[in-house]
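Enquirer: With the numbering used here applied, the first sequence closes on residue 912, and no number is skipped along the way.
Beta carbons: idealized from backbone N, C-alpha and C, even for Gly.
Keep in mind the model is a prediction, meaning the values are calculated, not measured.
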Amino acid sequence: MSETGENDLEKTYRPEPIEQKWYQVWSERGCFKLSPHLDDKKDRKTFSVVMPPPNVTGKLHMGHALNNTCQDILVRYKRMQGFEVLWIPGCDHAGIATQSVVEKKLMQEQKQTRQELGREKFLEHVWHWKNEYGSNIVEQLKKLGVSCNWDYFTFTMDPSANKAVRRAFVELYRQGLIYRAERIIHWDPQLQSAISDAEVEFKEVKGKFYHLKYKVEDSEEYLVVATTRPETLFGDTAVAVHPLDERYSHLIGKRVKLPLTDRTIPIIFDEHVDRELGTGCLKVTPGHDFNDFEIGKRHQLPIITILTKSGKFNQHADLIEGLNPQQARPKVIAALEEVGSLLEIKDHVMLVGHGERSGGVVEPMVSLQWFLNVGEMASTAVRAVEKKKMRFIPETWQNTYFSWLRQPKDWCLSRQLWWGHRIPVFNCESCQFQWAAESDPTDCPQCKSHHVKQDEDVLDTWFSSALWPMTTLGWPDATLMKQKHYDRFYPNQVLTTGHDIIFFWVARMMMMCTHFAGGQIPFKDVYIHAIVRDKLGRKMSKSLNNGIDPLEMIEKYGCDAVRFTLAAGAGLSRNFNLDPLKIESYRNFMNKIWNAFRFVKPFMDSVSEGDVSKLNLNELGIQEKWILAELNDVIESVTKSIEEYRFDDACKSLYAFVYDSFCSWFLELSKGILYKTEGREKQIRAAVLKYVFSDILKLLHPFSPFLSEELWSQLHPSLLISEVFPKMNKDFKKFKEEKTRLNEMIEMVTQVRNLRASLNLAPKIPIRIQVNAKTHPTAKFFFDNQYNLFHLARIKRAKVRSLSKTDRPRKTIISPLSFGEVFLFLEGVVDIQKEILRNERQLTRLDQELRAVQQKLGNPSFTDRAPEEVVAEVREKAELLIHQKSVVEDSLARLKD
RNA sequence: GGGCCCUUAGCUCAGUUGGUUAGAGCGCUACCUUGACAUGGUAGAGGUCACAGAUUCGAGUUCUGUAGGGCCCACCA
């Protein structure tokens, strides 16, 4: 490659081949793996994270992309800082989702239901499906560049994970925390399974309020009950009123006739009843309402279940047997009207529970289920956060966590599914003995009978997820734990997840892991990222068709651009409104870096590694010292921002440094040296360019790993992923003077461009200027850097003067600077009127500002009370404004002359 | 009913413990193919920081209230 023309880098950055190449190289060279002989490196600091395992049925969506980008940034950053990094990937068996996928497939291809096939055969099908398609999501994750340790990959149904689940279950069972009980639970008729409270979503549904007349037995009186679900009356076993309600106090001990049936039910008195609501009279259906179930318990009411497992009415509701609730309601209403029991109907909006997975209406049902008593574990989990052993970032999410854990409800663990961890409880059919066991028994420990049957249900998927940080490190198998370095990596440093699973996952991991890890919490920080929405802030959904597919975006704009966009938008807010236009603009940024590299590459090629690793500070010029000082600043802010999980800030400062400081100024300033000079000066510049560019690539790497690794490979023989993250350099901190000089130059060039634009002077038209500088160093600097001025501001000739001479040239327009004045020679090409207007506008602005500042200074309570440096700053400001004002006034006077 | 959050430029968002003229990106306007990049360059327009009070020398920032929007929890039939 030559310095003058041909360059074998393409003119625009093409991500695909580069992404493919580097992920493979990293994998092959074991960059994601642990370092060998870890046991001998006792004092090596560790950094461990578990990936929230995506569903095995999942397809990569923007939420995954954001979540894993955040983790990968942390992981790559810590790896470069010399930590022993372990990021554990995995996949969730997702009981409900997977089972339904396979059921559908079975129906389509073989016209068979799972029941027809039988449990064992069906599970074979599921495993087969898993082996065939289960790696899809994994391959998609790789497209994102995740640098996780695939040696540790765990599937929640792996034998080791099953072992963990069984150990946990059996211990909890023996501790008496797991019990089986007939309780009212949320039943999903579509899934034909119980679901946990957390899996129910309440949605507003327009309904009616029905007032029904129940005749009091042995009396002419009627009671009027209000209900939204008249069809459930077949399950009523009482009517309740408030004990202090005088309207009904005379009815103590009486019964009412239940319409459409031949039953009578008692009138009971219970404090739960709200006297103000409806008629103050409540029908009690203990079998199908959570409150009524509690009332029923208090009054020993019988429970009548009137629904089948598929959500249809059974023989206890003979009038509507075989119908679902929607079909049944009109029929019941008609029948009630006919017997004269229907009093009135009002519109009413009510909350109806829907299954999170199935989307269908769920029914409260009484059934026999397994529960986990979480009381004690929940308070331990609360305490851990209160005592700041674990913290949420942003902190406010602890409220969500607390609100759930401070009023814990027992967790319904059992699901009437087939795909999942089967509950390890066994029943002896001979002696009825029941026990839990970690491995399948062959006979009853009590009577030695071989007639042993395992419980039919499986565990809630979240049960295995709750143990994840331990499971993935080999718990409870001692050998595996040693092999996986459990002691070094538990607890994890951070968990990165969305706020929607704080209850489901974060809280449950805190409870379960802390319980089983001898009181040790599973992670120290929980970073909660935003939920990705479309650009209008709407949830991405199939029905709105507003989803943005990360894989499509990666294909279109490149992975690095997608990652940078996600990181740049990952602030502390709850929502992340993603506009593909943003991705496009960061794609442009990647291209900018590529081209900056393309430009400096030939010059950097001649620089030896040694020249870069130890820059001779004495040889550096002002510009070089300036960019190094700026580099120092960006290293500081990127580091600090990542440590604080402010990926947005990190991206912003990196972007600004690369775009403005490096490309717009330093590269432009370098052109003169690189093109027009030879020898030492050029060598030094090339070395500094290589030094700074190398650090830029290091800083960029956690965010945009592919481009940075590719460019690095063209500069250095090593792999960037394993390089050391840049640190602040004490020497560069000293370059304050140089910073000032360069900032003065930037200000001046900008002002000249401004003047040129205000005069509508085409860039081609050469101009002459004069700079009057306040101080000698400034003057000398401008004098020494004339070439750069010519280049950057398109100046033909420049004079540099010291301001003390107050030599203001004629036929010029003037612009005040913080360090002096700059004049542009007019030479007749200028519209004087326009110029007068511009100056007048400027004067007004200066006047306003000056007035505000002087008012402040005239206020004794400000000068007395405000901190000294604040007052000093304002004084300086006032002086500057006065100076600038005089300059403009002078200019105006000369223009009007 | 309880709790949390949001309201800053046309759009999406920053704004740390109160302290110069409230910032960025995108978009928009004008001009420019100047030897890395038109996925580019230069310059510019655009904001009564939702509203009303209070505290303060000083409030986008603290406090109280109001309005609008979002989310979570809760047994109101």
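Are the CB atoms of N561 and F538 nearer to each other than 7 Å?
Expert: No.
Enquirer: Using a Cβ distance threshold of 8 Å, determine whether the segment 114-126 contacts the segment 21-39, with at least three qualifying pairs required.
Expert: Not touching, per the Cβ criterion.
Enquirer: Applying the criterion that 16 or more other CB atoms from any shown protein chain within 10 Å of the CB defines a buried residue, is C462 buried or exposed?
Expert: With fewer than 16 other Cβ atoms within 10 Å, it is exposed.
Enquirer: What are the boundary residues of the alpha helix (DSSP H) that H544 is part of?
Expert: That residue, H544, is in no alpha helix (DSSP H); its beta strand (DSSP E) goes 538-544.
Enquirer: How about D251 and I283: are their beta carbons less than 7 Å apart?
Expert: No, the Cβ-Cβ distance between D251 and I283 is not below 7 Å.
Enquirer: By how many angstroms is the C-alpha of Y690 removed from the C-alpha of F805?
Expert: For F805 and Y690, the distance between alpha carbons rounds to 15 Å.
Enquirer: How many whole angstroms separate the CB atoms of G435 and L474, which I take to be in contact at a CB cut-off of 8 Å?
Expert: The Cβ separation is near 6 Å, so the contact holds.
Enquirer: Thinking C-alpha only, which one of D173, T790, Q801, F796 is nearest R783?
Expert: Closest option to R783, Cα to Cα, is Q801.
Enquirer: Around the Cβ of R244, are there at least 16 other Cβ atoms within 10 angstroms (buried) or fewer (exposed)?
Expert: That one is buried.
Enquirer: Taking buried to mean at least 16 other C-beta atoms within 10 Å of its own C-beta, is A772 buried or exposed?
Expert: Label assigned to A772: exposed.
Enquirer: Determine the extent of the alpha helix (DSSP H) in which S600 is found, giving its start and end residues.
Expert: Unbroken alpha helix (DSSP H) run through S600: 595-620.
Enquirer: Give me the residue from G295, T529, H465 with the minimum Cα distance to S394.
Expert: Cα-wise, what sits closest to S394 is T529.
Enquirer: With three or more beta-carbon pairs closer than 8 Å as the criterion, would you say the segment 71-84 touches the segment 396-411?
Expert: Counting Cβ pairs under 8 Å, fewer than three are found: no touch.
Enquirer: Using only alpha-carbon positions, find the residue among G586, L682, P741, L722 that is nearest to K667.
Expert: Considering only alpha carbons, the answer is G586.
Enquirer: How many Å lie between W450 and R189 at the Cα?
Expert: If I take the Cα positions, the gap works out to 9 Å.
Enquirer: Rounded to whole angstroms, what's the CA-CA distance from E25 to R613? Just pull it up for me.
Expert: Those two C-alpha atoms are separated by around 8 Å.
Enquirer: Taking one C-beta from the segment 485-494 and one from the segment 435-448 each time, how about it: are there three or more such pairs within less than 8 Å?
Expert: No: the two stretches stay apart, fewer than three of their Cβ pairs being nearer than 8 Å.
Enquirer: Could you tell me whether the segment 644-653 touches the segment 739-751, using the rule of 3 or more Cβ pairs below 8 Å?
Expert: Touching, yes, given that three or more Cβ pairs across the two stretches are closer than 8 Å.
Enquirer: Between W419 and the rest of its own chain, which residues show a CB-CB distance below 6 Å, the 5 nearest in sequence each way excluded?
Expert: Around W419: F518, A522.
Enquirer: Quick one: using the 10 Å Cβ neighbour count with 16 as the cut-off for buried, is K705 buried or exposed?
Expert: K705 should be labelled buried.
Enquirer: Would F579 and L643 be called neighbours here (beta carbons separated by less than 7 Å)?
Expert: Going by C-beta atoms, F579 is not nearer than 7 Å to L643.
Enquirer: Quickly, what does DSSP pair I318 with across the bridge? List them, please.
Expert: For I318, which the question treats as bridged, DSSP gives no partner whatsoever.
Enquirer: Between Y167 and A213, what straight-line distance do the alpha-carbon atoms span, to the nearest angstrom?
Expert: Cα to Cα, the separation comes out at about 30 Å.
Enquirer: List, from N- to C-terminal side, the beta strand (DSSP E) runs of 3 residues or more that fit wholly inside the segment 168-215.
Expert: Taking only runs of at least 3 residues, the beta strand (DSSP E) segments lying wholly in the segment 168-215 are 193-203, 208-210.
Enquirer: Tell me which same chain residues have a C-beta within less than 8 Å of the C-beta of E21, skipping the five on either side of it?
Expert: Low per-residue confidence applies at E21: pLDDT is 47, beneath 50, and the placement is therefore not dependable enough to give any value.
Enquirer: Taking V239 as the reference, give the member of L273, Y194, K221, E31 with the closest Cα.
Expert: Here the closest residue by C-alpha is L273.
Enquirer: Tell me whether M16 sits in a helix, a strand or coil according to DSSP, three-state version.
Expert: Low confidence applies here, because M16 scores a pLDDT of 39, under 50, leaving its location unreliable and the question unanswered by this model.
Enquirer: Of the choices C163, A109, K218, whose alpha-carbon is the least far from that of M172?
Expert: Among C163, A109, K218, the Cα nearest to that of M172 is on A109.
Enquirer: Using the C-alpha atoms, what's the distance from I543 back to P565?
Expert: Each residue's alpha carbon lies about 20 Å from the other.
Enquirer: Taking its Cβ as the centre, do 16 or more other Cβ atoms sit within 10 Å of A887, making it buried, or is it exposed?
Expert: With fewer than 16 other Cβ atoms within 10 Å, it is exposed.
Enquirer: If you count every other CB in all the chains shown that lies within 10 Å of the CB of M568, and 16 or more means buried, which is it?
Expert: So M568 ends up on the buried side.
Enquirer: Between F797 and the rest of its own chain, which residues show a CB-CB distance below 6 Å, the 5 nearest in sequence each way excluded?
Expert: Here the set comprises V786, V815.
Enquirer: Check this for me: beta carbons of N164 and D107, under 7 Å apart or not?
Expert: No; because the gap between Cβ atoms is not below 7 Å, this pair is not in contact.
Enquirer: Taking its Cβ as the centre, do 16 or more other Cβ atoms sit within 10 Å of L910, making it buried, or is it exposed?
Expert: It counts as buried.
Enquirer: Enumerated in chain order, which unbroken segments of the alpha helix (DSSP H) with a length of 4 residues or greater are wholly contained in the segment 315-362?
Expert: Listed in chain order, the complete alpha helix (DSSP H) runs (minimum 4 residues) inside the segment 315-362 are 340-353.
Enquirer: Is Y802 helix, strand or coil by DSSP?
Expert: Here Y802 sits in helix by DSSP.
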